[in-house]
Amino acid sequence: MIGVAPGILPAIAIERASGKPLYRQLYDAFRTAIVERRLRGGQRLPSTRALAAELGISRLPVLNAFEQLLAEGYFETRKGSGTFVAHAFPDDALGTKRPGARQAVRQPGPRLVARGPAAILQPTPEPWLGGFGAFRLSEPAVDHFPFAVWARLAARHCRNATRSAMVYGSPMGSLPFRQAVAAYLRTARAVRCEAEQVMVVSGSQQALEITARVLLDPGQPMWVEEPGYRGAREALA
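Start counting the sequence shown at 149; every next residue gets the next number (my numbering).
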């Protein structure tokens, strides 16, 4: 039998010294999270027992809050699966202002950001960066990648994973991997290097960024290809 994953326990603050009943605090917290779309339609909710244990309260106020949210259409149940956030919310949740509720004031127009990040986040489309196949930048020959071998190796190492694989290591990268890279470069590429001279990065963009910071001074002129790799121009800029 395939089990159903438990719902994520939401961030709910319970004020035991408050005059508001616990079930009402839970109801308001869930309703607000749904209206503000911090909880989305179809998202599975934790069981009442698990939520009560997490909050350190009796299960009864949790049951009362869930029943009210079910009755008002914010929650829905699925037989054998549990309780979920409803896909369609009541009309008053979408536009009706509740008595005493304060509405956040939003200024019209886009949020102001620095000009540099804005230009990076909205790049001009470049035709040589689209599609697949020959002359496509930043794409290896994935149709020749040995997926079967890769899957077997990944499964083998995941079964034998150690605690050290889950924590930070050397900023230069895994030493055994750098040793293997250095051995390959010496053998297949005739490059005289040692593992201490190899640095593992997350991709070409990070390599360009580090290289530019080490070798270039601010304002120094640079030449780049056109058409070329936009990421290289951004790193150099």
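Idealized CB from N, CA, C, for every residue including glycine.
How far does the alpha helix (DSSP H) with residue i in it reach, from first residue to last?
| i | result |
| --- | --- |
| T180 | 170-183 |
| H292 | No alpha helix (DSSP H) contains H292, which DSSP labels as neither H nor E. |
| E357 | 352-363 |
| V339 | Looking at the DSSP string, V339 is not in any alpha helix (DSSP H), and its letter there is neither H nor E. |
| Q216 | 207-219 |
Residue i to residue j, Cα distance in whole Å?
| i | j | result |
| --- | --- | --- |
| A234 | A302 | 39 Å |
| A201 | F232 | 19 Å |
| R246 | A383 | With a pLDDT of only 48 at R246, under 50, the local geometry of the prediction cannot be trusted, and the value read off the model is given with reservation. C-alpha separation (whole angstroms): 50 Å. |
| A181 | L187 | 6 Å |
| G248 | M347 | Below a pLDDT of 50, predicted positions are generally treated as unreliable, and G248, at 48, falls in that range; the measurement from the model is reported next regardless. Taking the straight line joining both Cα atoms gives about 59 Å. |
| T310 | L199 | 33 Å |
| A330 | V349 | 15 Å |
| R378 | G351 | 14 Å |
| R381 | E287 | 18 Å |
| R179 | N212 | 14 Å |
| I150 | P375 | The predicted position of I150 is uncertain, since its pLDDT is 43 and thus under 50; a value taken from the coordinates is nonetheless stated next. In a straight line, the C-alpha of I150 is about 52 Å away from that of P375. |
| R300 | T225 | 40 Å |
| L333 | A313 | 25 Å |
| F295 | V183 | 44 Å |
| S136 | R326 | Absent from the model: residue 136. The displayed extent of the chain is 149 to 385, so no value can be given. |
| L218 | N308 | 46 Å |
| A159 | R361 | 41 Å |
| Q345 | F293 | 27 Å |
Shortest alpha-carbon distance to residue i belongs to which of the options?
| i | options | result |
| --- | --- | --- |
| M320 | C306, V290, Q354, G376 | Q354 |
| A343 | E357, S322, P194 | S322 |
| S206 | E374, L333, E287, L174 | L174 |
| I358 | A385, G204, G376 | A385 |
| V210 | A219, E220, E224, S195 | S195 |
| K227 | R334, A338, F237, R192 | R192 |
| F237 | R337, G190, L363 | G190 |
| G230 | G204, L208, Q216, R197 | R197 |
Where does the unbroken beta strand (DSSP E) through residue i begin, and where does it stop?
| i | result |
| --- | --- |
| T225 | 223-226 |
Does the beta carbon of residue i sit closer than 7 Å to a beta carbon anywhere in chain C?
| i | result |
| --- | --- |
| G167 | Note that chain C does not occur in the displayed structure, where there is just one protein chain. |
In this structure, does DSSP put residue i in helix, strand or coil?
| i | result |
| --- | --- |
| G230 | strand |
| L323 | helix |
| V297 | helix |
| Y332 | helix |
| Q368 | coil |
| L203 | helix |
| G317 | coil |
| L384 | helix |
| A343 | helix |
| R164 | coil |
| R307 | helix |
| R186 | coil |
| G376 | coil |
Look up residue i in the DSSP assignment and give the residues it is bridged to.
| i | result |
| --- | --- |
| R192 | F232 |
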